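Have a look at the structure below before the remarks.
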Amino acid sequence: MHKHIKHLILLTIILVGLSSLGLIGCAENHKSYNINITIDGKPVNFTKDLGYPYLTKTQRTMVPIRIISENMGYNVDWSKDTWHQGIRKVWINNNTNRIELEIGKSTAIVNGKSVPIDRDEKTGKPVETKAELIGARTYVPLRFITEAMGGKVEYEWKDGNHYIDIITGKDVEEPKEGGTYSGITFDPKKDVLNDGSGRMSEEKTKEFLAKVIANSKFYKENGKYYFKYDKVDVPEGYTVGMGFSVFTKSGSGVVGVFLSPNPFINPEENKIPIGQSFVRQIRNDAVENSDLIMFQIAIVKDGYNEKVYGGRSSSISYKINYDPIKGTAFNYEQDKWGNGHMVPFDASSIFDI
């Protein structure tokens with residue numbers, strides 16, 4: 001047992017070390033290099049959930065679009081309703097630019113115009129590099145996505161490492177009081193409870209929770225089950241608290257799955273990141289022997305980041321209960337005191353299995 005634990009610890013250390021260096025080998029035709037990317041001088045922190053960059057045999061730096069786009073101030077959305085049918089589109093936009101990509105295609109639509117996502121650097125002619133899906137993340141050439149969003153790329157090769165700086169040309173803004181987050185306006189003078197707790201008001205919390213629900217999906221693809229969440233931006237000082245649980249039937253002999261940010265009650269493979277997009281595969285045996293799936297969410301004050309909901313951390317929290325046998329759901333809403341009541345919930349807004 002002790003020997004087995006040591007092996008696990010050693011493996012974890014090795015994997016963490018490789019991840020921090022950006023050392024990637026995604027597939028047979030992908031080369032592994034140390035790739036270091038910054039945006040306006042600020043390092044981009046790639047993770048397992050967000051994906052890592054890699055270099056192809058044709059020397060193209062491929063990147064997961066979400067982390068690059070969001071760090072450049074863009075919003076990312078995907079075709080949730082048609083994704084499992086094989087029609088897989090991704091949209092990237094801000095107030096001035098809109099980019100549409102489709103998995104498996106070598107062109108994109110940028111501000112209404114069809115353009116190739118890759119060109120030969122010498123001739124300028126289009127080449128057949130395609131938007132691809134790796135581990136539920138969409139990858140495209142770094143230069144294309146950067147320039148489509150109005151930036152430019154500078155490369156440097158030094159001591160066996162790739163150093164890449166994305167320059168947006170934007171001035172770094174000072175933090176403002178209030179603002180707009182994922183399309184939701186927030187004014188701390190009006191949207192924070194006047195009780196000294198710092199909790200967001202119930203009405204404003206519900207606005208953000210509705211966005212969290214819209215950005216969450218539990219679905220089946222190629223015979224496997226996945227839970228996917230696309231990050232919702234929230235005001236400074238707040239965090240999206242979240243937990244996703246699959247409870248198995250009594251006597252099934254199958255252990256359930258419990259996703260949480262809490263490292264003290266959760267094995268590492270079930271830990272979900274705080275404040276990031278992620279996708280997690282959920283074991284088939286757990287889902288197919290389940291009689292209850294629960295999705296718990298809240299907007300919590302920083303300092304309660306390891307909590308899922310409730311207590312002094314949030315003015316309201318949701319426990320969305322889904323019956324996988326009947327295909328029905330309800331939402332159990334709890335206030336800051338823990339008092340709750342059930343309200344109807346459209347199961348299809350999250351659950352597509």
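Position one of the sequence shown corresponds to residue 1 (the UniProt record's numbering), numbered consecutively onward.
A virtual CB, placed ideally from N, CA and C, is assigned to each residue, including glycine.
All of these numbers come straight from a predicted model, not from anything done at the bench.
Annotated as proximal: isoleucine 282 and phenylalanine 227, with beta-carbon spacing under 8 Å. Taking a contact as a CB-CB distance under 8 Å, the pair alanine 131 and glycine 104 counts as one, their CB atoms being some 7 Å apart. Here the alpha carbons of serine 250 and serine 182 stand approximately 41 Å from one another.
CA-CA distance, lysine 152 to asparagine 215, rounds to 30 Å.
In the structure shown, the three-state DSSP call for valine 140 is strand. Within the DSSP bridge table, the entry for aspartate 40 names no partner. Taking one beta carbon from each stretch, the segment 72-79 and the segment 154-164 have fewer than 3 pairs nearer than 8 Å; the two do not touch. Note that the C-beta distance between threonine 205 and serine 348 is not below 8 Å.
When only Cα atoms are considered, threonine 180 and glycine 41 end up about 25 Å apart. Following the DSSP letters along the chain, one finds lysine 113 inside the beta strand (DSSP E) bounded by residues 113-116. With contact defined as three or more Cβ pairs closer than 8 Å, the segment 78-97 and the segment 44-62 are not in contact. Contact check for valine 246 and valine 287: beta-carbon distance about 6 Å, within the 8 Å limit, so the pair qualifies. Relative to phenylalanine 345, the option among Asn321, Asp352, Ile325 whose CA is nearest is Asn321. Cα atoms of methionine 242 and glutamate 121: separation of roughly 45 Å, rounded to the nearest angstrom. Leaving aside the five residues that flank tryptophan 157 on each side, the residues in its chain whose CB is nearer than 8 Å to its CB run, in chain order, Tyr163. Counting other Cβ atoms within 10 Å of its Cβ, serine 290 reaches 16 or more and is therefore classed as buried. Looking at the DSSP output, asparagine 321 shares a beta bridge with Met294, Phe330.
Taking all protein chains in view, the Cβ of glutamate 333 is crowded by 16 or more other Cβ atoms within 10 Å, so the residue is classified as buried. Nearest C-alpha to valine 115 among Lys190, Phe46, Ala148: Ala148.
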